[in-house]
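Below is one structure, written out as structure tokens; the observations come after it.
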Amino acid sequence: MARRARAADLAAIALTDHDTTDGVAAAQHQAAKLGVRVIPGCEFSVRAPWGELHVLALFLPYDHERLQTFLRETRAARRRRGEQIIAKLQGLGVAIELEDVEAQLLRSEGGGAGGAGGGGGR
Numbered sequence: 039m040a041r042r043a044r045a046a047d048l049a050a051i052a053l054t055d056h057d058t059t060d061g062v063a064a065a066q067h068q069a070a071k072l073g074v075r076v077i078p079g080c081e082f083s084v085r086a087p088w089g090e091l092h093v094l095a096l097f098l099p100y101d102h103e104r105l106q107t108f109l110r111e112t113r114a115a116r117r118r119r120g121e122q123i124i125a126k127l128q129g130l131g132v133a134i135e136l137e138d139v140e141a142q143l144l145r146s147e148g149g150g151a152g153g154a155g156g157g158g159g160r
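Every position in the sequence shown, counted from 1, becomes a number in the numbering used here once 38 is added.
The structure is reproduced here in structure tokens:
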């Protein structure tokens, strides 16, 4: 990522994922060697009166313990929701296993079961 940013003559890029800041420290370390700034961020799901929103937050203190606790709890809740969905489908006679869903998500998006992809399974 950092090499591509440098090749495109970018001074800065943002690294964001859904409900995780995993990878920010490593990306900042590698990018700094190339003179590229990595802006830490995260995408959050937020309930609004008209539905769900996805809010992109930039310049986060990504290593802040309270933020990390919140993100861990959010990912755990997504996993529980995924387990409930799969159990309901199994109760309806659908031949589906959590492990198969997670394996498919990891291959396609790098995410986890129970909601938006992109990091819930890490």
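In this text, a Cβ means the ideal position worked out from N, Cα and C, and glycines have one as well. On a predicted model such as this, the values are computed, not experimentally measured, just so you know.
By the DSSP assignment, the beta strand (DSSP E) with G79 in it spans what residues? One-based indexing of the sequence shown puts residue 79 at position 41. G79: member of the beta strand (DSSP E) spanning R75 to A86, first to last residue.
Which whole-angstrom value is the C-beta distance of A50 and V74, which I expect to be below 8 Å? By one-based count along the sequence shown, residue 50 stands at place 12. By one-based count along the sequence shown, residue 74 stands at place 36. At roughly 7 Å, the Cβ-Cβ gap stays under 8 Å, so A50 and V74 are in contact.
Within 10 angstroms of its Cβ, does D101 collect 16 or more other Cβ (buried), or is it exposed? Reading the sequence shown from its first residue, position 63 is the one you call residue 101. D101 is classed as exposed because its beta carbon has fewer than 16 other beta carbons within 10 Å across all chains shown.
Taking 8 Å as the threshold (C-beta atoms), are F82 and A205 in contact? There is simply no residue 205 to check, as the chain begins at 39 and stops at 160 in what is shown.
Can you tell me which of F97, L127 and L130 puts its alpha carbon nearest to the alpha carbon of L53? For the purposes of this step, residue 53 is taken as the residue at position 15 of the sequence shown. Nearest C-alpha to L53: F97.
When you compare only the Cα positions, how much space is there between L105 and V93? For the purposes of this step, residue 105 is identified with residue 67 of the sequence shown, where counting begins at 1. For the purposes of this step, residue 93 is identified with residue 55 of the sequence shown, where counting begins at 1. So the two alpha carbons sit approximately 15 Å from each other.
Rounded to whole angstroms, what's the CA-CA distance from L127 to P99? Just pull it up for me. As a working mapping, residue 127 is identified with position 89 in the sequence shown. As a working mapping, residue 99 is identified with position 61 in the sequence shown. The C-alpha of L127 lies about 39 Å from the C-alpha of P99.
Which word fits G152, buried or exposed, when buried means at least 16 other C-beta atoms lie within 10 angstroms of its C-beta? Start at 1 with the first residue of the sequence shown, and residue 152 comes out as number 114. The predicted position of G152 is uncertain, since its pLDDT is 46 and thus under 50; a value taken from the coordinates is nonetheless stated next. Buried is the call here.
Which partner residues does L109 have in the DSSP bridge list? Your numbering for residue 109 matches position 71 in the sequence shown. In the DSSP output, where bridge partners are listed per residue, L109 has none listed.
In its own chain, which residues sit with a C-beta less than 6 Å from the C-beta of A43, not counting the 5 before and 5 after it? Your numbering for residue 43 matches position 5 in the sequence shown. So the qualifying residues of the chain are I51 and V74.
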